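Scroll down for the structure; my scribbles are underneath it.
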Amino acid sequence: MERNLICIGCPLGCQLTAVMENGVVTAVTGNTCPRGDEYARKECTAPERTVTGTVRVVGGAVPVVSVRTSRPIPKEKVLELAQLMGKIRVQAPVRPGDVVAANVLETGSDLLATCSAAID
Amino acid sequence: MKHVELAIIGGGPAGLAAAAAARRNGVEDILIIERDSRLGGILNQCIHAGFGLHTFGQELSGPEYAQRFIDQVAELSIPCLLDTMVLDLSEERILTVTSRTEGLQQIKADAVILAMGCRERPRGALNIPGTRPSGIWSAGTAQRLVNMEGVMPGREVVILGSGDIGLIMARRMTMEGAKVHAVAEVMPYSGGLKRNIVQCLDDFDIPLFLSTTVVEIHGRKKLEGVTLAQVDERRRPIPGTERYIPCDTLLLSVGLLPENELSAGANVALSPITGGPVVGEDLSTSIPGVFACGNVLHVHDLVDFVSQEATLAGEAAARYLSAGESQAETIPLLAEGGVRYTVPQFIHRDTTENVTVRFRVGQPYRNAAVCVYVNDQLLRRIPKRVLAPGEMEKVILRPADLPAEGGSIRFCIEEGTN
Chain A
55 MERNLICIGC
65 PLGCQLTAVM
75 ENGVVTAVTG
85 NTCPRGDEYA
95 RKECTAPERT
105 VTGTVRVVGG
115 AVPVVSVRTS
125 RPIPKEKVLE
135 LAQLMGKIRV
145 QAPVRPGDVV
155 AANVLETGSD
165 LLATCSAAID
Chain B
20 MKHVELAIIG
30 GGPAGLAAAA
40 AARRNGVEDI
50 LIIERDSRLG
60 GILNQCIHAG
70 FGLHTFGQEL
80 SGPEYAQRFI
90 DQVAELSIPC
100 LLDTMVLDLS
110 EERILTVTSR
120 TEGLQQIKAD
130 AVILAMGCRE
140 RPRGALNIPG
150 TRPSGIWSAG
160 TAQRLVNMEG
170 VMPGREVVIL
180 GSGDIGLIMA
190 RRMTMEGAKV
200 HAVAEVMPYS
210 GGLKRNIVQC
220 LDDFDIPLFL
230 STTVVEIHGR
240 KKLEGVTLAQ
250 VDERRRPIPG
260 TERYIPCDTL
270 LLSVGLLPEN
280 ELSAGANVAL
290 SPITGGPVVG
300 EDLSTSIPGV
310 FACGNVLHVH
320 DLVDFVSQEA
330 TLAGEAAARY
340 LSAGESQAET
350 IPLLAEGGVR
360 YTVPQFIHRD
370 TTENVTVRFR
380 VGQPYRNAAV
390 CVYVNDQLLR
400 RIPKRVLAPG
410 EMEKVILRPA
420 DLPAEGGSIR
430 FCIEEGTN
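Protein chains in written order, with the working numbering: chain A, 55 to 174; chain B, 20 to 437.
Written out as structure tokens, the structure reads:
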């Protein structure tokens, strides 16, 4: 069985073809770098996404800080994480790289701040 | 009058990279002028990941990518005027600037780098019939509200236009609990990056309707809904295909326009196609000592390419300040047959470096080839499985590729001969 994918590894968007046999990817073509091969294998078996968003800041000069997951999480948990981010409150000051929440949804991924929030 | 060697208008990714490059090439007296209260430009609101893969080998968010360059500018001790708006630039490179703390002042610059970026095409440019209710936003304004101000513009959303900002906002609004009912695109293809169709729409089952537009806006004070209709090849609505969608928010992602009011005021020659200055391989404009880079020059798809281009502009400004303008003959680059434009539009014959020529195609192609002719001789033929207007292409020319005196270089797309 063949599956056609568009690589999301970078903005080039290479058109990939993954050959599947018994639920295992046996070959990937169309990729122009190793990330494409890796993406196709993951996407066909256990798709993952890096998630970005914002969380509310308490006592900060700005109302929200932007955050992202330290590593990709399973795709089916993305919306659940979005809801969790809506509930998190972080105390100013915040620095880029600060861990806003550790091991979110037991994924092994931390939520990291990607911008700063000074104390108001 | 205050005097600086190099004034850089705009403290976004283009201005920051240009400033760092100019300093590293020996320009001592640099001033970055930024109208916002912080550096980084539009990257500050682009909180999604995907920036910097080419430059840093990592997928950074917009604020993180900006911070890398803000740190460089700080380490190089390059001064910045924040909260300061440039009102006018003259042909003699006199800048008229204003700020709340300093009032109106004039600055004479020996060289200027234009790095003002671009802005979004507004509703007024679209001629959508209907009322004028609240609830209609450009996608970038909504992005700023959600990502920086922490405010949601609405809950029931329709997006017109499938540019990247619209696609990114479809995902962002969904993540914040809104329902995105549809993305409508008047063209038969999306103007956004393919990866964004996959990870912003497909991942969340948000429908993309191609060859479809908004034909009516409903609601007196607040937006109540929109009517979508399919369009024919000439983009005229097809009667009988209308469909009403109730919504409280309509986001417009219908194109970006380089912001060149200052350039026009200084009589910088502008391209009617890119909307940005006409430049040489050194990013020099028609006014000596004035250079341009980033989205003010042409709208880019990747910030990595903005940084590369801006680095060249900073180096070229440094060269101009020490050695003056290049007096060499210029070779025109011609965009034809499917290639909408090229940047640069000309090359100085005395260039010693390879020249990266960037361009966009006017329509999607499958199994076509990018062809480069020097005079009428085929120089290069690059087969492409897919070419799309949303994605910037490039060809690298070597100094040895340049034609003899009086020649030109022509770029075109040739179909069906792969």
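The C-beta atom is built at its ideal place from N, Cα and C for all residues, glycine as well. Just so it is clear, the structure is predicted and the values come from calculations on it, not from any experiment.
Would you report the Cα separation of residue i and residue j, rounded to the nearest angstrom?
{"i": "L179 (chain B)", "j": "V273 (chain B)", "result": "7 angstroms"}
{"i": "G333 (chain B)", "j": "A38 (chain B)", "result": "6 angstroms"}
{"i": "L229 (chain B)", "j": "F430 (chain B)", "result": "29 angstroms"}
{"i": "V109 (chain A)", "j": "T193 (chain B)", "result": "15 angstroms"}
{"i": "E300 (chain B)", "j": "R254 (chain B)", "result": "37 angstroms"}
{"i": "I415 (chain B)", "j": "N373 (chain B)", "result": "7 angstroms"}
{"i": "V389 (chain B)", "j": "Q91 (chain B)", "result": "37 angstroms"}
{"i": "V111 (chain A)", "j": "P128 (chain A)", "result": "27 angstroms"}
{"i": "V325 (chain B)", "j": "E75 (chain A)", "result": "42 angstroms"}
{"i": "K213 (chain B)", "j": "I60 (chain A)", "result": "7 angstroms"}
{"i": "T178 (chain A)", "j": "L101 (chain B)", "result": "The structure shown does not extend to residue 178 (chain A), since chain A spans only 55 to 174, so no value can be given for it."}
{"i": "Y84 (chain B)", "j": "H73 (chain B)", "result": "12 angstroms"}
{"i": "V234 (chain B)", "j": "K198 (chain B)", "result": "21 angstroms"}
{"i": "S163 (chain A)", "j": "V318 (chain B)", "result": "35 angstroms"}
{"i": "I142 (chain A)", "j": "G107 (chain A)", "result": "11 angstroms"}
{"i": "P363 (chain B)", "j": "I187 (chain B)", "result": "29 angstroms"}
{"i": "S118 (chain B)", "j": "Q124 (chain B)", "result": "9 angstroms"}
{"i": "F223 (chain B)", "j": "V176 (chain B)", "result": "14 angstroms"}
{"i": "E24 (chain B)", "j": "K403 (chain B)", "result": "44 angstroms"}
{"i": "P383 (chain B)", "j": "L406 (chain B)", "result": "5 angstroms"}
{"i": "A36 (chain B)", "j": "R174 (chain B)", "result": "38 angstroms"}
{"i": "P98 (chain B)", "j": "S56 (chain B)", "result": "14 angstroms"}
{"i": "S341 (chain B)", "j": "P296 (chain B)", "result": "23 angstroms"}
{"i": "R42 (chain B)", "j": "A335 (chain B)", "result": "12 angstroms"}
{"i": "I113 (chain B)", "j": "A337 (chain B)", "result": "18 angstroms"}
{"i": "V298 (chain B)", "j": "Q327 (chain B)", "result": "16 angstroms"}
{"i": "C262 (chain B)", "j": "H237 (chain B)", "result": "Looking at the sequence itself, residue 262 (chain B) is Arg, so the reference to Cys does not match. Those two C-alpha atoms are separated by around 13 angstroms."}
On the premise that residue j lies in contact with residue i, defined as a C-beta separation below 8 angstroms, what is that separation, rounded to the nearest angstrom?
{"i": "L352 (chain B)", "j": "V322 (chain B)", "result": "24 angstroms between Cβ atoms; not a contact."}
{"i": "V287 (chain B)", "j": "V309 (chain B)", "result": "6 angstroms"}
{"i": "G284 (chain B)", "j": "G409 (chain B)", "result": "Contact flag wrong, Cβ pair sits at about 31 angstroms."}
{"i": "V158 (chain A)", "j": "L133 (chain A)", "result": "With 8 angstroms as the limit, V158 (chain A) and L133 (chain A) do not qualify as a contact, their Cβ atoms being about 13 angstroms apart."}
{"i": "V205 (chain B)", "j": "T246 (chain B)", "result": "Their Cβ separation, rounded to whole angstroms, is 14 angstroms, which puts V205 (chain B) and T246 (chain B) out of contact at 8 angstroms."}
{"i": "G113 (chain A)", "j": "Q145 (chain A)", "result": "6 angstroms"}
{"i": "I28 (chain B)", "j": "A134 (chain B)", "result": "6 angstroms"}
To which residues does DSSP link residue i through a beta bridge?
{"i": "P383 (chain B)", "result": "P383 (chain B) pairs with nothing; no bridge assigned."}
{"i": "T115 (chain B)", "result": "B:D107 and B:Q125"}
{"i": "E139 (chain B)", "result": "B:L275"}
{"i": "R163 (chain B)", "result": "R163 (chain B) pairs with nothing; no bridge assigned."}
{"i": "V46 (chain B)", "result": "According to DSSP, V46 (chain B) bridges with nothing at all."}
{"i": "F378 (chain B)", "result": "B:T361 and B:E412"}
{"i": "K21 (chain B)", "result": "B:I126"}
{"i": "T349 (chain B)", "result": "B:H367"}
{"i": "K240 (chain B)", "result": "Its beta-bridge partners do not exist; DSSP assigns none."}
{"i": "S303 (chain B)", "result": "B:F310"}
{"i": "N58 (chain A)", "result": "A:T71"}
{"i": "C99 (chain B)", "result": "B:I51"}
{"i": "V233 (chain B)", "result": "B:L247"}
{"i": "Q396 (chain B)", "result": "B:V393"}
{"i": "S341 (chain B)", "result": "Looking at the DSSP assignment, S341 (chain B) forms no beta bridge with any residue, so it has no partner."}
{"i": "S153 (chain B)", "result": "B:K241"}
> Curious, which full-length alpha helix (DSSP H) runs of at least 4 residues does the stretch 245 to 270 of chain B contain?
Replying inline: none
Chain A contacts from the stretch 153 to 181 of chain B (Cβ-Cβ distance under 9 angstroms): V165, N166, M167, E168, G169 and V170
Original post:
Where are the beta strand (DSSP E) runs, 3 residues long or more, that stay fully inside the stretch 62 to 91 of chain A, in chain order?
Top reply: 69 to 75 and 78 to 83
- Message: Tell me which residues of the stretch 64 to 76 of chain B have at least one Cβ-Cβ distance to chain A shorter than 7 angstroms, keeping chain order.
- Response: I66, H67, A68, G69 and L72
Using a Cβ-Cβ cut-off of less than 8 angstroms, list which residues of the stretch 82 to 104 of chain B approach chain A; keep chain order. P82, E83 and Q86
message: Taking beta-carbon pairs under 7 angstroms, can you tell me which members of the stretch 149 to 169 of chain A lie near chain B?
response: P150, T168 and C169
ask   = Taking the runs of the beta strand (DSSP E) that are 3 residues or longer, which of them lie wholly in the stretch 89 to 141 of chain A?
value = 106 to 112 and 118 to 123
Contact residues within the stretch 388 to 405 of chain B, judged by C-beta distance below 9 angstroms to chain A: R404 and V405
Q | Short-range partners of chain A found in the stretch 192 to 217 of chain B, where Cβ spacing is below 9 angstroms | A | T193, M194, E195, G196, L212, K213, R214, N215, I216 and V217
Chain-ordered residues of the stretch 136 to 147 of chain A with a beta carbon less than 9 angstroms from chain B:
A136, Q137, M139 and G140
Review point. Got a sec: which bits of the stretch 85 to 98 of chain A sit with their beta carbon under 9 angstroms from any beta carbon on chain B, in order along the chain?
Key: R89
(Q) My parser needs the alpha helix (DSSP H) runs of 4 or more residues fully inside the stretch 171 to 228 of chain B; what are they? (A) 183 to 194
**Asked** If you measure beta-carbon to beta-carbon, which residues of the stretch 249 to 282 of chain B are closer than 9 angstroms to chain A?
**Response** none
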